[in-house]
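Numbering-wise, the sequence shown is residues 50 to 645 according to the working numbering. Comments concern the structure below.
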Amino acid sequence: MQPTVEILEKVRQNSKAHPDEVFTKLFRYLLRPDLYFVAYQHLYANNGAATKGVDNDTADGFSEQKVQKIIQSLQDGSYSPKPSRRVYIKKANGRLRPLGIPTFTDKLVQEVLRMVMEAVYEPIFLDCSHGFRPNRSCHTALKDLKHQLPGTRWFVEGDIKGCFDNINHSVLVSLVNAKVKDARLIQLIHKFLKAGYLEDWQYHKTYSGTPQGGIISPLLANIYLHELDKFVMQMAQDFAQPPVSLYTPEYWRIRSKRDRVKAKIKTATAEEKSALLALDRTLQTEMLRTPSKSHTDKRIKYIRYADDFLIGVNGSKEDCEQIKAQLKAFIANTLEMELSEEKTLITHSNSYARFLGYDVRVRRNMQIKSSAGFPKRTLSNMVDLAVPFQDKIERFLFAKGIVEKAPTGKGLTPVKRGGLVNLSELEILMVYNAELRGLCNYYNLASNYYKLQYFCYLMEYSCLKTLAAKSKLTIGKVKSKYRDGKGGWGIPYDTKSGRKRMYLARLKDCKKTTTNCDAKPNQLAKCITARSTIESRLKAKVCALCGTTESERYEIHHVNKVKNLKGKSDWERIMITRRRKTIVLCYECHHLIHEQ
Numbered sequence: 050m051q052p053t054v055e056i057l058e059k060v061r062q063n064s065k066a067h068p069d070e071v072f073t074k075l076f077r078y079l080l081r082p083d084l085y086f087v088a089y090q091h092l093y094a095n096n097g098a099a100t101k102g103v104d105n106d107t108a109d110g111f112s113e114q115k116v117q118k119i120i121q122s123l124q125d126g127s128y129s130p131k132p133s134r135r136v137y138i139k140k141a142n143g144r145l146r147p148l149g150i151p152t153f154t155d156k157l158v159q160e161v162l163r164m165v166m167e168a169v170y171e172p173i174f175l176d177c178s179h180g181f182r183p184n185r186s187c188h189t190a191l192k193d194l195k196h197q198l199p200g201t202r203w204f205v206e207g208d209i210k211g212c213f214d215n216i217n218h219s220v221l222v223s224l225v226n227a228k229v230k231d232a233r234l235i236q237l238i239h240k241f242l243k244a245g246y247l248e249d250w251q252y253h254k255t256y257s258g259t260p261q262g263g264i265i266s267p268l269l270a271n272i273y274l275h276e277l278d279k280f281v282m283q284m285a286q287d288f289a290q291p292p293v294s295l296y297t298p299e300y301w302r303i304r305s306k307r308d309r310v311k312a313k314i315k316t317a318t319a320e321e322k323s324a325l326l327a328l329d330r331t332l333q334t335e336m337l338r339t340p341s342k343s344h345t346d347k348r349i350k351y352i353r354y355a356d357d358f359l360i361g362v363n364g365s366k367e368d369c370e371q372i373k374a375q376l377k378a379f380i381a382n383t384l385e386m387e388l389s390e391e392k393t394l395i396t397h398s399n400s401y402a403r404f405l406g407y408d409v410r411v412r413r414n415m416q417i418k419s420s421a422g423f424p425k426r427t428l429s430n431m432v433d434l435a436v437p438f439q440d441k442i443e444r445f446l447f448a449k450g451i452v453e454k455a456p457t458g459k460g461l462t463p464v465k466r467g468g469l470v471n472l473s474e475l476e477i478l479m480v481y482n483a484e485l486r487g488l489c490n491y492y493n494l495a496s497n498y499y500k501l502q503y504f505c506y507l508m509e510y511s512c513l514k515t516l517a518a519k520s521k522l523t524i525g526k527v528k529s530k531y532r533d534g535k536g537g538w539g540i541p542y543d544t545k546s547g548r549k550r551m552y553l554a555r556l557k558d559c560k561k562t563t564t565n566c567d568a569k570p571n572q573l574a575k576c577i578t579a580r581s582t583i584e585s586r587l588k589a590k591v592c593a594l595c596g597t598t599e600s601e602r603y604e605i606h607h608v609n610k611v612k613n614l615k616g617k618s619d620w621e622r623i624m625i626t627r628r629r630k631t632i633v634l635c636y637e638c639h640h641l642i643h644e645q
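Spelled out as structure tokens, the structure:
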């Protein structure tokens with residue numbers, strides 16, 4: 050039988066070649082067992098694989114029999130998703146965001162459904178969309194913004210109020226049905242949308258929205274907001290007008306005068322040539338100081354990441370007001386959602402707009418630099434990305450208890466973090482490194498990246514004070530204790546290859562970091578190159594613990610983290626030796642492990 054991932058790759062290529070094609074009979078791919086083993090390989094390594102939903106169903110206990118049971122329930126129509134367990138996580142502004150945790154079986158089915166649906170939709174999504182897509186991220190959106198928006202005069206900052214919670218189920222199902230004519234698949238999507246959630250063991254129905262935490266939710270949201278992308282692209286096409294004149298009248302006048310001077314230089318005598326060259330240099334300097342672009346053209350550029358979008362407008366403020374009104378009407382009438390008035394702002398590009406945590410503006414810099422031997426205004430009209438230090442970095446530092454206001458009222462003072470004192474020295478440094486790298490890596494596109502040097506200083510001395518509190522030493526003695534003999538300090542640790550030292554992350558190293566993407570594995574490549582797939586290990590029918598080959602059932606034993614294993618039991622030692630979170634066991638051995 051041909052692997053399903055190969056079939057889905059053909060579906061993807063067909064969708065790319067024929068964007069308007071309608072697909073049928075996709076549900077049959079959900080009945081093929083090999084896709085569930087690929088889906089399990091995508092899920093089992095995640096930390097959430099061991100997190101329980103409304104029951105005890107986790108990645109532990111996965112088996113061929115479980116796959117067959119899921120397929121049978123899908124085939125006879127008896128499959129019904131269980132409600133998600135609702136929890137709340139803190140947002141940056143202090144508010145709480147609801148998060149739904151499905152059971153692992155539902156995660157598995159959703160991952161298979163996502164792979165099938167993504168093969169159809171990913172090729173037709175527009176390039177302006179960057180959220181929750183393979184090989185795209187916030188950084189790809191920001192880089193696209195830098196490339197697309199030079200010379201922009203106005204920004205329209207867009208935000209849809211409660212986007213994921215207010216997606217209309219009927220509208221979403223009708224949008225999917227326009228592209229995918231498969232009643233059983235549509236019915237399955239509808240079941241997931243209407244599964245509901247449990248909060249404090251009380252069941253609540255879901256009337257709208259795609260539950261955050263569901264694997265299929267980001268793709269469904271992108272299908273919904275793809276309509277907005279198409280609308281804005283059509284609006285941009287209707288709005289576009291070529292410039293009446295490429296340059297301003299002042300710039301044209303100086304340029305024409307300089308062209309006449311250059312023509313005279315060619316036929317001038319030696320005495321005249323010197324004066325003409327001096328005049329040419331004067332005119333060149335005057336040209337570089339005079340605004341050149343006429344700004345008589347009209348155009349729209351649009352970048353979206355999830356429900357946040359930024360529109361760059363070449364036009365007047367009245368044009369921006371009209372664009373905002375059109376967006377509001379489309380979102381209300383077609384998508385049946387609401388544009389957030391307080392977050393949808395019209396900002397002149399000379400001032401900073403906020404997008405994906407960056408401050409964005411277009412420079413009006415007349416500074417002259419030499420480029421390829423010629424003087425040019427290399428920064429004028431270019432997009433500038435900046436770190437909003439006070440809004441983002443300082444807020445993070447206070448939220449984590451890393452700093453407090455200096456006694457003088459000016460500046461910040463690093464302090465110890467009492468919540469980390471009970472960790473080991475190495476774990477304390479790892480926490481600081483993770484936080485420091487996370488922020489510095491994210492803001493490595495900023496033009497004022499150097500400002501994060503102060504952030505690194507505060508992180509270092511907060512870390513030293515935390516280590517000092519743990520060891521009951523002064524900062525100076527902590528530095529002496531961990532000095533590396535090369536002017537720095539780091540905490541030593543032992544490995545098989547000898548003693549090594551962990552250092553605090555440096556700003557310049559974060560700057561060099563390659564941009565990370567929300568990349569999902571290529572299903573076909575993963576299937577072909579996998580060293581040992583879950584499917585092959587289960588079908589080998591050999592228990593890793595007792596070695597039996599005669600059991601009627603073999604299951605996957607899954608642990609959350611290998612490093613948490615103590616190595617006291619035989620199965621723990623096997624997993625530590627193999628450095629794997631999963632091993633195949635016969636049903637009897639697996640049952641005994643859970644009885645211990």
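Ideal Cβ placement from N, Cα and C applies to all residues, glycine included.
Taking the Cβ atom as the reference point for each residue, do residue i and residue j lie within a distance shorter than 8 Å?
i      : j      : result
LEU553 : TYR481 : yes
PHE288 : GLY263 : no
TYR510 : PRO541 : no
TYR351 : VAL281 : yes
TYR354 : HIS179 : yes
HIS607 : ALA108 : yes
TYR137 : PHE111 : no
CYS505 : LEU485 : yes
ARG146 : LYS140 : yes
THR203 : HIS344 : Before going on, a small fix: residue 203 reads as Trp here, not Thr. Not closer than 8 Å, so no.
LEU641 : TYR603 : no
ARG444 : SER429 : no
LEU446 : LEU516 : no
ILE120 : PRO68  : no
Provide the residue span of the beta strand (DSSP E) that contains residue i, from first to last.
i      : result
ASP104 : Where ASP104 is concerned, there is no enclosing beta strand (DSSP E), given that its DSSP letter is neither H nor E.
LYS306 : Here LYS306 belongs to no beta strand (DSSP E); instead the alpha helix (DSSP H) covers 298–316.
HIS253 : 251–253
LYS373 : Per DSSP, LYS373 belongs to no beta strand (DSSP E); it is in the alpha helix (DSSP H), 366–382.
I'd like the span of the alpha helix (DSSP H) that includes residue i, first residue to last.
i      : result
CYS635 : Not the alpha helix (DSSP H): CYS635 falls in the beta strand (DSSP E), residues 631–635.
SER266 : 266–288
ALA483 : 474–491
PRO199 : Careful: PRO199 lies outside any alpha helix (DSSP H) and carries neither H nor E.
GLU248 : Where GLU248 is concerned, there is no enclosing alpha helix (DSSP H), although the beta strand (DSSP E) it sits in stretches over 246–248.
GLN117 : 113–124
PRO82  : 82–92
VAL60  : 53–66
TYR603 : Element bounds for TYR603: not the alpha helix (DSSP H) but the beta strand (DSSP E), 603–607.
THR515 : 501–520
Rounded to the nearest angstrom, what separates residue i and residue j at their Cα positions?
i      : j      : result
GLN51  : TYR85  : 15 Å
VAL432 : SER365 : 19 Å
PRO437 : LYS192 : 18 Å
ILE314 : TYR503 : 55 Å
THR578 : THR598 : Reliability fails at THR578, whose pLDDT of 42 lies under 50, so the model's placement of it is uncertain and no value is given.
GLU320 : ARG338 : 29 Å
HIS639 : ARG532 : 48 Å
SER64  : TYR246 : 34 Å
ARG629 : LEU162 : 27 Å
GLY460 : VAL527 : 25 Å
TYR359 : TYR401 : Looking at the sequence provided, one finds Leu at residue 359 rather than Tyr. Roughly 12 Å between the two C-alpha positions.
ARG307 : ARG330 : 9 Å
THR189 : TRP538 : 35 Å
ILE56  : ARG77  : 12 Å
LEU274 : TYR93  : 30 Å
LYS74  : ASP125 : 16 Å
GLN572 : VAL87  : Legend: pLDDT at GLN572 = 47, less than 50; position of this residue unreliable, no value from coordinates given.
ASP208 : GLU276 : 15 Å
Could you pull the DSSP bridge partners for residue i from this structure?
i      : result
VAL222 : Looking at the DSSP assignment, VAL222 forms no beta bridge with any residue, so it has no partner.
LYS139 : LEU145
MET551 : ILE540
ARG410 : ASP433
ARG330 : DSSP output for ARG330 lists no bridge partner at all.
ASP208 : ASP357
ALA722 : The chain is shown from 50 up to 645; residue 722 falls before or after that span and cannot be answered.
LYS347 : GLN290
ARG134 : ILE150 and LEU247
Meets three-Cβ-pair contact criterion under 8 Å: the region 463–472 and the region 219–238: no
Cβ contact (3+ pairs, closer than 8 Å) linking the region 373–390 and the region 216–232: yes
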